[in-house]
Ligand SMILES: [Zn+2]
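Residue numbers (our numbering): 111 to 442.
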């Protein structure tokens, strides 16, 4: 499902909720008309009063006293209905319109702004397409554990933990001010230093704020382009979505099997997104020198000059986490 299809699915969901609300309202009315006929009678009087009021204002514009008479009668009938509902064991608002979201009455919009319920539904749709579903629950800035990095100064004047805190703060600002002017990011560092985790944190936080984000290990992305180009298998994601997502995260650049098709595809994805002002986050274990050996100069120059290079401090998060788990098990 692409971005437009996600939007259409959410609009359909809103429409379904409005329909379900009407069905439930009608069901309640029928139930009450059988169980408490006196309420049904009052409801009919209320409707007649409304109809008479609209006939009246069409003919007698500006008669204040008569207007108040209609209004008072309407309020009195509504109070009587609520009293009868409560006396018969129902909630006072049992006959009010039924909505899934009372803020926007399931319209999805309040005063021209998207309602929180609409954003939530859209996030869920986007997440289901993002490639980050399994990581979503555990990847958030709040879950990023700086204590996994050493706080001993490493000869550079700073500790790995202090360096990582700077990167984490930068990432939080990146999400907060995200837009088409946001820089492309190249996360560089040794395996296990937290590049994937942090890039997915950024992606998940942006999805929570209603952005369409795709995450793909580089080989998966290339497989989809290969499928689209050679039609040799089914692509999991239409390639256009990689070019148009609000943010694309390409993980583990440098682990793909190299070919001229790979080089051309990566250059084309990165370049098209640059032209469209769609930011990209790439993580890689390759140093600048190694990238020079792996890729032709036009791809390399894009990576060097169109991306903000973010160097991660060395840390082995996987080893550190396993070590801590082992210590916890011993203590139990
Ligand atoms: Zn709403």
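Idealized CB from N, CA, C, for every residue including glycine.
Under the three-state reduction of DSSP, residue 378 is assigned to helix. Taking all protein chains shown into account, residue 133 has fewer than 16 neighbouring C-beta atoms within 10 Å of its C-beta and is therefore exposed. Residue 328 holds the alpha-carbon nearest to the alpha-carbon of residue 306 among 318, 328, 291. At the C-beta level, residue 296 and residue 123 stay beyond 8 Å of one another. Three or more Cβ pairs closer than 8 Å define a contact, and the stretch 255-262 falls short of that threshold against the stretch 139-153. At least one heavy atom of ligand 1 sits closer than 7 Å to the Cβ of residue 213. For residue 306, the enclosing alpha helix (DSSP H) covers residues 305-318. In this structure, the straight-line span from the alpha carbon of residue 310 to that of residue 359 is close to 8 Å. Across the set 298, 302, 253, 316, the C-alpha of 316 shows the shortest separation from the C-alpha of residue 283. Assigned with DSSP and collapsed to three states, residue 232 falls in helix. The shortest C-alpha to C-alpha distance from residue 363 to any of 164, 410, 269 is the one to 410. The DSSP-derived three-state label of residue 417 is strand.
Distances from the CB of residue 218 to the heavy atoms of ligand 1 include at least one below 7 Å. Sorting 303, 301, 374, 300 by C-alpha distance to the C-alpha of residue 336 places 374 at the top. Residue 368 is classed as exposed because its beta carbon has fewer than 16 other beta carbons within 10 Å across all chains shown.
In this structure, residue 349 sits near residue 338, with a CB-CB distance shorter than 8 Å. Within its own chain, the residues whose Cβ lies closer than 7 Å to the Cβ of residue 402, once the five positions on either side in sequence are excluded, are 410, listed in chain order. Here residue 389 is near residue 357, since their CB atoms are less than 8 Å apart.
Pairwise C-beta distances place the stretch 111-120 in contact with the stretch 222-241, as three or more of them are shorter than 8 Å. A direct Cα-to-Cα measurement between residue 128 and residue 322 gives close to 26 Å. When the five nearest sequence neighbours on each side are left out, the beta carbons in the same chain lying within less than 6 Å of the beta carbon of residue 215 are those of 209, in order along the chain.
Beta-carbon to beta-carbon, residue 325 and residue 241 are separated by about 4 Å, close enough to satisfy the 8 Å threshold. One Cα belongs to residue 290, the other to residue 227, and the distance between them is close to 25 Å.
Distance from the CA of residue 269 to the CA of residue 397, rounded to the nearest whole angstrom, comes to 21 Å.
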